[in-house]
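Novice: Here's a structure for you.
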Amino acid sequence: PPQPTIRRLKRIVKWAHQLLARPGALSGDWRVAVFLEVACGFAPWAQRAYFERQKSTTHSRSQSLRHLLPLYRFLQRSATAQVAVELCSSLAARRASSSTQDGESEGFVAGPPKSSSAGTGVADDRDGDRDGDR
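For the sequence shown, my numbering puts the final residue at 157, and the numbers step up evenly by one.
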């Protein structure tokens, strides 16, 4: 699918903000669905910005970042932050319930899953990029 235009991205953000800002307009699952719809709309531009960061092409990178600006502003709004917190807490609760069902632990433990190795985190990948492993 083609990458959405900046006009389309602004409309998605405006639509989502109108829905999320109305108290009681949507239930929890629908609020998360709206939040994820916005995130999916911006995903091609976020991926492009990431890959262009690897290539160090400043002109293309600035275009990608310009397309991500409406998402940045959307994420700063209080209604959006509230939905993000709800999403994170529900994911944490699901992870905690699945780990107690598997017999791993009695509570939620922050950090990578036990099956992954110690050196495969996102922070490690970023550090590798800064050291010139491109």
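Where is the CB? At the ideal position from N, CA and C, for every residue including glycine.
(1) Which residue from R100, R117, A69 puts its Cα closest to that of Q26?
(2) Relative to the alpha-carbon of T28, which residue among Q86, Q41, A44, A48 has its alpha-carbon at the smallest distance?
(3) With distances taken Cα to Cα, identify the nearest neighbour of V57 among A72, L91, V106, A66.
(4) State the DSSP-derived secondary structure class of A141, mapped to helix, strand or coil.
(5) Ends of the alpha helix (DSSP H) at L49?
(6) Compute the distance between the beta-carbons of L18 and A72, then report whether it is under 8 Å.
Specialist: On the basis of the coordinates in this document:
(1) Considering only alpha carbons, the answer is A69.
(2) In this structure, Q86 is the residue among Q86, Q41, A44, A48 with its C-alpha nearest to the C-alpha of T28.
(3) Checking every option, the nearest Cα to that of V57 belongs to V106.
(4) For A141, the predicted model reports a pLDDT of 41, less than 50, meaning its position is unreliable; a value from the coordinates is still stated below. Three-state DSSP puts A141 in coil, outside helix and strand.
(5) Element bounds for L49: n/a, residue is neither H nor E.
(6) Residue 18 is absent from the structure shown; the chain starts at 24 and stops at 157.
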